[in-house]
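S.K.: Submitted below is the structure of interest, expressed as structure tokens.
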Amino acid sequence: MFTRSTVTALVCFLVLACSEKASKNQSSAEFLKSANQSLKQEEHSASIAAWVQANFITRDTTKISSDYDAKFAKLATRLAVESKNYQGQSKDEKRMLDLLLKNTNVPSPKEDSKNKQLAQFKSELSSMYGGGEFCRTPENCQSLEDLEKVIAKSRNPDELLEAWEGWRTVSSPMKEKYSKTVALGNQGAQQLGYKNMADLWRSKYDMSPEDFEKELDRLWGEVKPFYEQLHCFVRNQLNKKYGDTVVPKDQPIPAHLLGNMWAQSWSNITDVLGSDASSAVDITRLLEQAKYTPLKMVQTAENFFVSLGMPKLPSTFYERSLFEKPQDREVVCHASAWHMDLKEDVRIKMCIEPNEEAFRTIHHELGHIYYYLAYQNLPYLYQASANDGFHEALGDTVELSITGKYLKEIDLLAKDKTQTAANDTLLQMALGKVAFLPFGLMIDKWRWQVFDGRTATENYNKDWWQLREKYQGVAAPRDRPANAFDPGAKYHIPAYTPYSRYFLAHILQFQLHRSLCETAGHKGPLHECSIFNSKEAGSKLWEMMKMGASQPWPVALKTVTGSDKMDATAIRDYFAPLEKWLKNENQGLKCGW
Ligand code: X8Z
Ligand code: ZN
Numbered sequence: 006m007f008t009r010s011t012v013t014a015l016v017c018f019l020v021l022a023c024s025e026k027a028s029k030n031q032s033s034a035e036f037l038k039s040a041n042q043s044l045k046q047e048e049h050s051a052s053i054a055a056w057v058q059a060n061f062i063t064r065d066t067t068k069i070s071s072d073y074d075a076k077f078a079k080l081a082t083r084l085a086v087e088s089k090n091y092q093g094q095s096k097d098e099k100r101m102l103d104l105l106l107k108n109t110n111v112p113s114p115k116e117d118s119k120n121k122q123l124a125q126f127k128s129e130l131s132s133m134y135g136g137g138e139f140c141r142t143p144e145n146c147q148s149l150e151d152l153e154k155v156i157a158k159s160r161n162p163d164e165l166l167e168a169w170e171g172w173r174t175v176s177s178p179m180k181e182k183y184s185k186t187v188a189l190g191n192q193g194a195q196q197l198g199y200k201n202m203a204d205l206w207r208s209k210y211d212m213s214p215e216d217f218e219k220e221l222d223r224l225w226g227e228v229k230p231f232y233e234q235l236h237c238f239v240r241n242q243l244n245k246k247y248g249d250t251v252v253p254k255d256q257p258i259p260a261h262l263l264g265n266m267w268a269q270s271w272s273n274i275t276d277v278l279g280s281d282a283s284s285a286v287d288i289t290r291l292l293e294q295a296k297y298t299p300l301k302m303v304q305t306a307e308n309f310f311v312s313l314g315m316p317k318l319p320s321t322f323y324e325r326s327l328f329e330k331p332q333d334r335e336v337v338c339h340a341s342a343w344h345m346d347l348k349e350d351v352r353i354k355m356c357i358e359p360n361e362e363a364f365r366t367i368h369h370e371l372g373h374i375y376y377y378l379a380y381q382n383l384p385y386l387y388q389a390s391a392n393d394g395f396h397e398a399l400g401d402t403v404e405l406s407i408t409g410k411y412l413k414e415i416d417l418l419a420k421d422k423t424q425t426a427a428n429d430t431l432l433q434m435a436l437g438k439v440a441f442l443p444f445g446l447m448i449d450k451w452r453w454q455v456f457d458g459r460t461a462t463e464n465y466n467k468d469w470w471q472l473r474e475k476y477q478g479v480a481a482p483r484d485r486p487a488n489a490f491d492p493g494a495k496y497h498i499p500a501y502t503p504y505s506r507y508f509l510a511h512i513l514q515f516q517l518h519r520s521l522c523e524t525a526g527h528k529g530p531l532h533e534c535s536i537f538n539s540k541e542a543g544s545k546l547w548e549m550m551k552m553g554a555s556q557p558w559p560v561a562l563k564t565v566t567g568s569d570k571m572d573a574t575a576i577r578d579y580f581a582p583l584e585k586w587l588k589n590e591n592q593g594l595k596c597g598w
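Right under this line is the structure:
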């Protein structure tokens, strides 16, 4: 007879690496219960240390955070290895065991010294990015935020180039350390039975790693023709502004001219693109006129979620979050949302500027926060979204509802202001959402190559730019120095945050928006729909959020959209009038690069 303990004994015998606990005939249920509890506890401690590091970057806080991370990683690795000794009696148990195996992004090797080394390098990389400055002279230094302002506002190619190259001086010293973390993380992944970290990262989507890669390419194929039209239009306008020498008509666009440090969103250059785009509602101006403080911006975003029937944020959120860049110390300014105790202690950390980009990002961050609150009562391993794209999509879905009509409702936009032409609004939105797509895709394409060894350390930069050109049609403004490590100048590379999630989110948010608008009873073009105040739309979203990671993502998607497939028809529908307009504008131009 096959009892639970016989199964355990058999598996133990087969893998020859039976854990102490499994050999004591612990059931899957008991093992999972204790794993959920201990991971929750260790993560809480590690989050506190990481929060302090990110809010007060010093040598010492970097070390403290690294020590806690090493402790957490050691536990996560031990449990992941042990999970293989169990088979699980129910669907639920099987799912949790699988999640346990995939619980980390950079798995630690089980050897103590390697585990500590990996945690130390990761923590140091994080501080190098967060504290990074470009110094012309020791007395004249600029932070990332200073340099980003130059890239957003200057229209002088020399000034732009200096800021662009300046920020990238911060990342070249990261290269060797990064390369060492790749080697260690790959060893950790192999000890769990994966070929490498790329194999692990692609295996988190309820399908095989190969199918996931195909799925991303399929979705990209659906939006690529539209991206090419947008690229063509923008390049032509930039060519008119800067001339043939700076912007050749048939080449990739130089990356320093697109208004964003990484050329991932182009919404800051509407003035260069002609009157159509720049006549869209200027939210930055509205926020300035109404004297919105960072706090007011956060409260306004909270109010949107509350209007959907979601709870008010706990008072500790306001007491413990960081909204403004402190003048007296170094902090990691890149916006993030934290679930400290995996219950009600939720916080954001963000250096809020009173502008549209930050206003949108606050909604993005609160999407994470509300997700945390929705699933806080689930076991640790289910405290995540259906796949990581859903977590990134949630706040963006709400953000798509920041329409002219909504801005009038909250008295930011004057009630008698005439409606902006559809095209202007759509172009403005496309410069943010559509320009992002190939960037969202290529970051992990690069990492997969690095992790699986196709890209060696000496080719990091060359292969990075090859992918930037291939997918985005964007190029380095001039030859890069031999020691350059430009990937490291993007937060998610030193932070080891996977990036395919943002690509998925940019597809999913339009799918969710389209369905929620229908639920809210909206009639008319999708870009005019706001789900503000719709309790029906809110309750559908909440239902999905409450599920956390307890079900495969197609089930979660179905609760809101009725469909279990990701598809790009929603984003194409949303922008359909613009696509038509762009094709017309681009007539006679040679598109592509
Ligand atoms: O990193 C973020 C969020 C935090 S999860 C601010 N985003 C990506 C980025 O900034 O590169 C949001 C959009 C893409
Ligand atoms: Zn996010």
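Just so we're aligned, residue 6 is where the sequence shown starts under the numbering used here, counting upward by one. Virtual Cβ for every residue (Gly too), placed ideally from N, Cα, C.
Using 8 Å for Cβ pairs, my map puts L123 next to V111. What's the rounded Cβ distance?
M.R.: Along the sequence shown, one-based indexing puts residue 123 at 118. Along the sequence shown, one-based indexing puts residue 111 at 106. Confirmed, about 7 Å.
S.K.: Between T63, T423, R100 and P259, which lies nearest to G135 when the distance is taken from Cα to Cα?
M.R.: Working through the sequence shown from its first residue, we reach residue 135 at position 130. The shortest C-alpha separation from G135 is found at T63.
S.K.: If distances are taken between C-alpha atoms only, which option among V565, A554 and N145 comes closest to S544?
M.R.: Taking the first residue of the sequence shown as position 1, residue 544 is located at position 539. For S544, the nearest C-alpha among the options comes from V565.
S.K.: Rounded to whole angstroms, what is the Cα-Cα separation between E533 and P299?
M.R.: By one-based count along the sequence shown, residue 533 stands at place 528. By one-based count along the sequence shown, residue 299 stands at place 294. Looking at the two C-alpha atoms, the distance is approximately 26 Å.
S.K.: Within its chain, find whatever has a CB closer than 6 Å to the CB of Y411; leave out the 5 residues flanking it on each side and keep chain order.
M.R.: Stepping through the sequence shown from its first residue, residue 411 is reached at position 406. Counting only Cβ-Cβ distances below 6 Å, and skipping sequence neighbours, we find S535 and F537.
S.K.: Give me the residue from K413, Q31, P503 and A188 with the minimum Cα distance to Y91.
M.R.: The residue labelled residue 91 in the question sits at position 86 within the sequence shown. Nearest C-alpha to Y91: Q31.
S.K.: According to DSSP, what are the bridge partners of Q147?
M.R.: Locating residue 147 in the sequence shown gives position 142, counting from the first residue. The partner list for Q147 (beta bridge, DSSP) reads F139.
S.K.: Below 6 Å CB to CB, which residues in the same chain sit around T402 once its five sequence neighbours on both sides are set aside?
M.R.: In the sequence shown, counting from the first residue as 1, residue 402 sits at position 397. So the list reads Q514, L517 and H518, once near-sequence residues are dropped.
S.K.: Inspect the beta-carbon positions of S176 and G437 and report whether they are closer than 8 Å.
M.R.: Stepping through the sequence shown from its first residue, residue 176 is reached at position 171. Stepping through the sequence shown from its first residue, residue 437 is reached at position 432. No; because the gap between Cβ atoms is not below 8 Å, this pair is not in contact.
S.K.: Given this structure, state the Cα-to-Cα distance separating V228 from Q234, to the nearest angstrom.
M.R.: Reading the sequence shown from its first residue, position 223 is the one you call residue 228. Reading the sequence shown from its first residue, position 229 is the one you call residue 234. Cα to Cα, V228 sits roughly 10 Å from Q234.
S.K.: How would you label E181, buried or exposed, when you count the other beta carbons within 10 angstroms and need 16 or more for buried?
M.R.: Within the sequence shown, the letter at position 176 stands for residue 181. Exposed is the call here.
S.K.: Quick one, are the C-beta atoms of D468 and T460 less than 8 Å apart?
M.R.: For the purposes of this step, residue 468 is identified with residue 463 of the sequence shown, where counting begins at 1. For the purposes of this step, residue 460 is identified with residue 455 of the sequence shown, where counting begins at 1. Yes, the pair counts as a contact, with Cβ atoms nearer than the cut-off.
S.K.: Run through DSSP, which three-state label would L263 get?
M.R.: What you label residue 263 is simply residue 258 of the sequence shown in a count that begins at 1. If DSSP states are grouped into helix, strand and coil, L263 belongs with coil.
S.K.: Using a Cβ-based criterion (distance less than 7 Å to any ligand heavy atom), does E362 qualify as near ligand 4?
M.R.: No copy of ligand 4 occurs in the structure displayed; its ligands are ligand 1 and ligand 2 alone.
S.K.: For I69, which of helix, strand or coil comes out of DSSP?
M.R.: On the sequence shown, position 64 is the one that residue 69 refers to. Here I69 sits in helix by DSSP.
S.K.: Hey, how far is the Cα of T250 from the Cα of W470?
M.R.: Counting from one through the sequence shown, the residue named residue 250 turns up at place 245. Counting from one through the sequence shown, the residue named residue 470 turns up at place 465. Going by the C-alpha atoms only, they are around 20 Å apart.
S.K.: Measuring alpha carbon to alpha carbon, tell me which residue in K76, D151 and P359 is nearest P114.
M.R.: The residue given as residue 114 occupies position 109 in the sequence shown. The candidate whose alpha carbon is nearest that of P114 is K76.
S.K.: Put V286 into one of helix, strand or coil per three-state DSSP.
M.R.: In the sequence shown, counting from the first residue as 1, residue 286 sits at position 281. Looking at V286 - three-state DSSP - the assignment turns out to be coil, as it is neither helix nor strand.
S.K.: Within the continuous alpha helix (DSSP H) that includes I576, where are the two ends?
M.R.: For this step, residue 576 is matched to residue 571 along the sequence shown. Its alpha helix (DSSP H) spans residues T574 to E590.
S.K.: Are three or more beta carbon pairs between the segment 187–203 and the segment 554–563 nearer than 8 Å?
M.R.: Flag = no, the segment 187–203 and the segment 554–563 do not touch.
S.K.: Check W598 in the structure and name its three-state DSSP category.
M.R.: The residue labelled residue 598 in the question sits at position 593 within the sequence shown. Three-state DSSP puts W598 in coil, outside helix and strand.
S.K.: Can you tell me which residues fall inside 5 Å of ligand 1, judged by beta-carbon distance to its nearest heavy atom, and keep chain order?
M.R.: Having a Cβ closer than 5 Å to some heavy atom of ligand 1 are A340 and Y507.
S.K.: In this structure, does DSSP put C365 in helix, strand or coil?
M.R.: Mapped onto the sequence shown, residue 365 falls at position 360. Here residue 365 is Arg; the residue named in the question, Cys, does not match the sequence. Three-state DSSP puts R365 in a helix.
S.K.: Taking the alpha carbon of E329 as the point to measure from, which residue in L44, N60, V252 and N241 has its own alpha carbon closest?
M.R.: For the purposes of this step, residue 329 is identified with residue 324 of the sequence shown, where counting begins at 1. Residue N60 is the option with its Cα nearest to E329.
S.K.: What are the boundary residues of the beta strand (DSSP E) that R4 is part of?
M.R.: The chain is shown only over 6 to 598; residue 4 falls outside these bounds and no answer can be derived.
S.K.: Along the chain, where does the alpha helix (DSSP H) that runs through A342 open and close?
M.R.: Along the sequence shown, one-based indexing puts residue 342 at 337. From DSSP, A342 is part of no alpha helix (DSSP H) but of the beta strand (DSSP E) over S341 to H344.
S.K.: Quick check on the DSSP output: the beta strand (DSSP E) that includes K354 runs from which residue to which?
M.R.: Taking the first residue of the sequence shown as position 1, residue 354 is located at position 349. First-last of the beta strand (DSSP E) with K354: V351 to K354.
S.K.: Taking contact to mean at least 3 C-beta pairs separated by less than 8 Å, is the segment 273–280 in contact with the segment 334–348?
M.R.: With the cut-off at 8 Å, the segment 273–280 and the segment 334–348 do not touch.
S.K.: Measuring from each Cβ to the nearest heavy atom of ligand 2, keep the ones under 6 Å and list them in chain order.
M.R.: In chain order, the qualifying residues are H369, H373 and E397.
S.K.: From the DSSP output, in three-state form, read off C23 for me.
M.R.: Taking the sequence shown and counting its residues from 1, the one referred to as residue 23 is at position 18. Unreliable positioning characterises C23 in this predicted model, as indicated by a pLDDT of 44, which lies under 50. The coordinate reading is nonetheless provided below. Coil, per DSSP.
S.K.: Do you know how far the Cα of M345 is from the Cα of V57?
M.R.: Translated into positions along the sequence shown, residue 57 becomes position 52. Translated into positions along the sequence shown, residue 345 becomes position 340. Spanning the two alpha carbons is a distance of roughly 12 Å.
S.K.: Could you check which residue in V286, L263 and D287 has the C-alpha nearest to that of V277?
M.R.: By 1-based counting over the sequence shown, the position of residue 277 is 272. V277 has its Cα closest to that of L263, out of V286, L263 and D287.
S.K.: Here's the rule I'm using: 16 or more other beta-carbon atoms within 10 Å means buried, otherwise exposed. How should G529 be labelled?
M.R.: To locate residue 529, count along the sequence shown from 1; it is residue 524. Label assigned to G529: exposed.
S.K.: To which residues does DSSP link V303 through a beta bridge?
M.R.: Here residue 303 corresponds to residue number 298 of the sequence shown, with the count starting at 1. Partner(s): none; V303 has no beta bridge.
S.K.: I need the boundaries of the alpha helix (DSSP H) containing V239, first residue and last residue.
M.R.: Sequence index remark: in the sequence shown, residue 239 carries index 234 (1-based). Start and end: P214 to V251.
S.K.: Give the C-beta separation of Q433 and A285 to the nearest angstrom, bearing in mind that I take them to be a contact with Cβ-Cβ under 8 Å.
M.R.: One-based indexing of the sequence shown puts residue 433 at position 428. One-based indexing of the sequence shown puts residue 285 at position 280. Indeed they touch by this definition, with Cβ atoms about 4 Å apart.
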